[in-house]
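*Asks:* Quick one: the structure is below, and I'll ask about it shortly.
Numbering (my numbering), first residue to last: 50 to 168.
Encoded structure:
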């Protein structure tokens with residue numbers, strides 16, 4: 050015995066601007082078993098973006114901008130020219146037509162030319 054889908058939502062409860070989802074009545078010539086599906090007027094979206102900022106590390110890596118360097122990540126070693134530094138990632142160009150964006154929190158260490166700390 051097949052039961053029909055019963056929904057507790059009344060048509061007057063659904064905003065007019067939303068279109069109902071049409072459920073198939075039959076699948077393989079048999080009445081479809083389903084759970085009620087209805088539209089949701091508003092889906093909550095995250096309103097905060099959180100990232101860990103390491104200002105000293107970002108300063109040190111920024112000093113190598115435009116230079117060839119090696120970056121060791123949690124996934125392995127990457128070599129290229131540092132072309133961009135943001136608060137959450139860096140960009141390494143690894144050829145004339147390719148670039149890699151690496152998340153700073155995935156960087157273990159980097160190798161580059163020595164830079165003086167004298168002011």
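The beta carbon of each residue, even a glycine, is placed where N, CA and C say it ideally should be.
#1: Does the Cβ of residue 120 have 16 or more other Cβ atoms within 10 Å, making it buried, or fewer, making it exposed?
#2: Could you compute how far the alpha carbon of residue 125 sits from the alpha carbon of residue 93?
#3: Relative to the alpha-carbon of residue 128, which residue among 102, 107, 97 and 151 has its alpha-carbon at the smallest distance?
#4: Starting from the C-beta of residue 53, find all residues in its chain whose C-beta is less than 7 Å away, skip the five residues before and the five after it, and write them out in chain order.
#5: Ignore the nearest five residues each way along the sequence and tell me which others in residue 112's own chain have a CB closer than 7 Å to its CB.
#6: Could you compute how far the alpha carbon of residue 105 sits from the alpha carbon of residue 139?
#7: If you check the beta carbons only, do residue 136 and residue 102 fall under 7 Å apart?
#8: Whose C-beta lies closer than 8 Å to the C-beta of residue 159 among residues of the same chain, with five residues either side of it excluded?
#9: When DSSP labels each residue in this structure, what does residue 99 get in the three-state scheme?
#10: Evaluate residue 141 with the Cβ neighbour count: other Cβ atoms within 10 Å of its Cβ, from every protein chain shown; 16 or more gives buried, anything less gives exposed.
#11: Here's the rule I'm using: 16 or more other beta-carbon atoms within 10 Å means buried, otherwise exposed. How should residue 50 be labelled?
#12: Alpha carbons only, please: which of 123, 108 and 99 is nearest the one belonging to residue 156?
#13: Give the single residue among 161, 162 and 130 whose Cα lies nearest to the Cα of residue 149.
*Replies:* Well, looking at it:
#1: Within the chain shown, residue 120 is the residue found at index 71, counting from 1. Buried, by the Cβ-count rule.
#2: Residue numbering aside, residue 125 sits at position 76 when the chain shown is read from its first letter. Residue numbering aside, residue 93 sits at position 44 when the chain shown is read from its first letter. Cα to Cα, the separation comes out at about 37 Å.
#3: Here the question's residue 128 lines up with position 79 in the chain shown. Nearest C-alpha to residue 128: 151.
#4: As a position in the chain shown, residue 53 is number 4, starting the count at 1. The predicted position of residue 53 is uncertain, since its pLDDT is 47 and thus under 50; a value taken from the coordinates is nonetheless stated next. Result list for residue 53: empty, nothing under 7 Å.
#5: Taking the first residue of the chain shown as position 1, residue 112 is located at position 63. Contacts found: 164.
#6: Numbered from its first residue, the chain shown carries residue 105 at position 56. Numbered from its first residue, the chain shown carries residue 139 at position 90. Their backbone Cα atoms lie some 15 Å apart in a straight line.
#7: Position 87 of the chain shown, counted from the start, is the residue given in the question as residue 136. Position 53 of the chain shown, counted from the start, is the residue given in the question as residue 102. For residue 136 and residue 102, yes; Cβs fall inside 7 Å.
#8: As a working mapping, residue 159 is identified with position 110 in the chain shown. Excluding positions up to five away in sequence, the list reads 110, 113, 118, 119, 120 and 121.
#9: Numbered from 1 along the chain shown, position 50 holds the residue referred to as residue 99. It is coil, neither helix nor strand.
#10: The residue you call residue 141 lines up with position 92 of the chain shown. With 16 or more Cβ atoms within 10 Å of its Cβ, residue 141 is classed as buried.
#11: The residue you call residue 50 lines up with position 1 of the chain shown. At residue 50, the pLDDT of 47 sits below 50, so the modelled position is not reliable; the number obtained from the coordinates is stated separately. Under this definition residue 50 is an exposed residue.
#12: Along the chain shown, read from residue 1 onward, the residue named residue 156 stands at position 107. The shortest C-alpha separation from residue 156 is found at 123.
#13: Along the chain shown, read from residue 1 onward, the residue named residue 149 stands at position 100. Residue 130 is the option with its Cα nearest to residue 149.
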